[in-house]
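Undergrad:
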Amino acid sequence: MTGATSPGDRLSITDSRTGTVYELPIQDGTIRAADLRQIKTGAGDFGLMTYDPAFQNTASCRSQITFVDGDNGVLRYRGYPIEELAAKRSFLEVCYLLLQGELPTADQEAQWVDEITHHTFIHEGIRKFIDGFHHDAHPMGMLVSVVGALSTFYPEAKDIHNPETRHKQIVRLIAKMPTIAAFLYRHAAGLYYAYPDNDLRYTGNFLNMMWKGTELKYKPDPVLERALDVLLVIHADHEQNCSTSTMRLVGSSQADPYSSMAAACAALYGPLHGGANEQVLRMLTAIGQVSNVPDYIRRVKAGEFRLMGFGHRVYKNVDPRSRLIQKVAEEVFEVTGPSPLLDIAREIERIALEDEYFIGHRLYPNVDFYSGIIYLAMGIPVEMFPVLFAIGRTPGWLAQWEEGLSDSEQKIGRPRQVYTGPEPRHLPD
Ligand code: CMC
20 MTGATSPGDR LSITDSRTGT VYELPIQDGT IRAADLRQIK TGAGDFGLMT
70 YDPAFQNTAS CRSQITFVDG DNGVLRYRGY PIEELAAKRS FLEVCYLLLQ
120 GELPTADQEA QWVDEITHHT FIHEGIRKFI DGFHHDAHPM GMLVSVVGAL
170 STFYPEAKDI HNPETRHKQI VRLIAKMPTI AAFLYRHAAG LYYAYPDNDL
220 RYTGNFLNMM WKGTELKYKP DPVLERALDV LLVIHADHEQ NCSTSTMRLV
270 GSSQADPYSS MAAACAALYG PLHGGANEQV LRMLTAIGQV SNVPDYIRRV
320 KAGEFRLMGF GHRVYKNVDP RSRLIQKVAE EVFEVTGPSP LLDIAREIER
370 IALEDEYFIG HRLYPNVDFY SGIIYLAMGI PVEMFPVLFA IGRTPGWLAQ
420 WEEGLSDSEQ KIGRPRQVYT GPEPRHLPD
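Quick note: my numbering has the sequence shown finishing at residue 448, numbered continuously throughout.
Spelled out as structure tokens, the structure:
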């Protein structure tokens, strides 16, 4: 987000402690926090800092990747509106756009798709690693571990300053995430592993690895294949959210991309972030029927719990992704048949959008409100929802990680604190 500022704009600050006036340059709607350090009461003073728990008003980087205007419900990747990309481009084209800055030409796309397709297999050692998990291990817990374990299989990934090495790991991660995800599902279900089918498209192959049975060749439903493509596009990036900031922060220590992305997956696991779609489904199931919705809303307003899938740190009017998802839901239900949970979700939305509490708090359905219902209709178990989110977010994490590495202003991330602990004291003699 940028403010309307001109080159000569300044912020005048008068320090009431000393009466000194400071002129701080304003650039792109921001002042540099480091400029505040000159504001001191005396020579021994450290200088002023900002205090911003949860980074609610702090820009941690300059980025050319994703633009979000939360007040107006706008989301753009590299300048392109999410609505146009979701309607007209595939997930792999969007991956290329996020990573390279431009959409691929036909030749570039063919080469990119070929490269990804030929890295979909995972090392058999990874398969054995997955075998070691309990059958009821949560797939996100497994995902965090498996993505981290990849770094031990590709030690050259540590060479993060080499663009070719970086590219190789990026290709590997985008290509292998669906394979890992499907293997995690199959492991939990006690099913044999279905290996990648390189004749299929990215999402079709994922459906193949999830659902292939005894047939020689799995044929993905084109509507579901495309719906999944749109869902992945919608999730592909969302600027400096919790998991992306984690990716950048861990990456700033020059850790390899697998270790950084394992940390990003861990951040995504939380129920307030990528774990929310799973929580939405659990909530809808707990509500059980449409007639129970008003009482549930009453309890949310009484502060007993939050309405999962509602609210967003940035979007305060509409989450443009939730509009797109509703369209996908209609297409998917044409194929799978309607979901009874959809009626409950629509009733929640209807009541909440007319309710003073939700209007006053500017709480609207977010991307996770409907995505879980679609995944469930596709037959994907609830525990797998955040894993699907992670597949979609992979190119965003990687593009942001690379951008951070090539930004000459970045250093190892290291926030400050305001110490509120005991004054110096000593152990008794
Ligand atoms: N249900 C009920 N009340 C809510 C909700 C909700 N879902 N979200 C926020 N509020 C209330 C909150 O209680 C507080 O009220 P008050 O000011 O009276 O104390 C006020 O709204 C502001 O809440 P906040 O926690 O300061 O807002 P935030 O910007 O820090 O939180 C959020 C954003 C997404 C974490 C939050 O809205 C939430 O917990 N939503 C439910 C979880 C969810 O759906 N997460 C998915 C987010 S979108 C995908 C992603 O990012 O991964």
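Even glycine gets a Cβ: it sits at the ideal position worked out from N, Cα and C.
#1: Mind reading off the beta-carbon distance from M397 to T355? Whole number of angstroms is fine, and I expect it under 8 Å.
#2: Among all residues, which have a Cβ less than 6 Å from at least one non-hydrogen atom of the ligand CMC, and in what chain order do they fall?
#3: Taking E17 as part of the alpha helix (DSSP H), name the residues at either end of that continuous run.
#4: Along the chain, where does the beta strand (DSSP E) that runs through R95 open and close?
#5: Taking 6 Å as the limit between beta carbons, can you name the residues of its chain near L361, skipping five residues before and five after?
#6: Have a look at the DSSP bridge pairing and note the partners of V40.
#7: If you count every other CB in all the chains shown that lies within 10 Å of the CB of A305, and 16 or more means buried, which is it?
#8: Considering only the alpha carbon of each residue, which of R185, A283 and S272 lies closest to V163?
#9: Just to confirm the assignment, what range does the alpha helix (DSSP H) spanning V354 have?
#10: Quick one, which of N336, L251, A295 and G270 has its alpha-carbon nearest I431's?
#11: So, does the segment 86 to 95 touch the segment 323 to 337, judging by three or more C-beta pairs under 8 Å?
#12: Where R435 and M266 are concerned, what is the direct C-alpha to C-alpha distance, given to the nearest angstrom?
#13: With distances taken between CB atoms, is the gap from G328 to P405 smaller than 7 Å?
#14: Counting along the chain, where does the beta strand (DSSP E) carrying T85 start and finish?
#15: Is the Cβ-Cβ distance between A255 and G415 less than 7 Å?
#16: Rounded to the nearest angstrom, how far is the Cβ of T184 from that of A176, given a contact under 8 Å?
#17: Looking at the secondary structure, which residues open and close the alpha helix (DSSP H) in which T304 lies?
#18: Output needed for M228: all residues of its chain with C-beta closer than 7 Å, excluding positions within five of it in sequence on either side, in chain order.
#19: On the three-pair Cβ rule with 8 Å, is the segment 216 to 225 touching the segment 96 to 111?
#20: Tell me whether Q57 sits in a helix, a strand or coil according to DSSP, three-state version.
#21: Determine the direct distance from the alpha carbon of V165 to that of A285, and round the result to whole angstroms.
#22: At 4 residues or longer, what runs of the alpha helix (DSSP H) sit wholly inside the segment 94 to 159?
#23: Can I50 and L67 be called in contact, C-beta distance under 7 Å?
#24: In whole angstroms, what separates the C-alpha of L343 from that of A364?
#25: When we look at the beta-carbon of Y211 and count the other beta-carbons within 10 Å, is it buried (16 or more) or exposed?
#26: Determine contact between the segment 369 to 382 and the segment 306 to 326, defined as no fewer than three beta-carbon pairs at a distance below 8 Å.
#27: State the Cα-Cα distance for the pair H137 and R318, rounded to the nearest angstrom.
#28: With a 10 Å radius around its C-beta and 16 neighbouring C-beta atoms as the bar for buried, classify N224 as buried or exposed.
#29: Taking 7 Å as the cut-off, decide whether the C-beta atoms of V386 and D338 are in contact.
#30: Relative to the C-alpha of I179, which candidate in G423, Q83, P447 and G209 has its C-alpha closest?
#31: Rounded to whole angstroms, how far is the Cβ of G48 from the Cβ of Q83, which I believe are closer than 8 Å?
#32: From this set, Y173, Q46 and K346, which residue's C-alpha is nearest Y277's C-alpha?
#33: If we call anything under 7 Å between Cβ atoms a contact, is H206 one with I149?
#34: Classify R191 as buried or exposed, calling it buried when 16 or more other Cβ atoms lie within 10 Å of its own Cβ.
TA: Working from what's here:
#1: 7 Å
#2: N260, L291, H292, G293, A295, V319, R325, L326, M327, G328, F329, G330, H331, R332, H380, L382, N385, V386 and D387
#3: Nothing about residue 17 can be reported from this structure: the residues present for the chain run from 20 to 448 only.
#4: V93 to Y96
#5: I392
#6: T33
#7: exposed
#8: A283
#9: P339 to T355
#10: G270
#11: yes
#12: 19 Å
#13: no
#14: T85 to D88
#15: yes
#16: 7 Å
#17: A295 to I306
#18: P197, T198, A201, A213 and P215
#19: yes
#20: helix
#21: 12 Å
#22: 101 to 107, 110 to 119, 125 to 136 and 143 to 150
#23: no
#24: 16 Å
#25: exposed
#26: yes
#27: 51 Å
#28: buried
#29: yes
#30: G423
#31: About 16 Å separates the two Cβ atoms, so there is no contact after all.
#32: Y173
#33: yes
#34: buried
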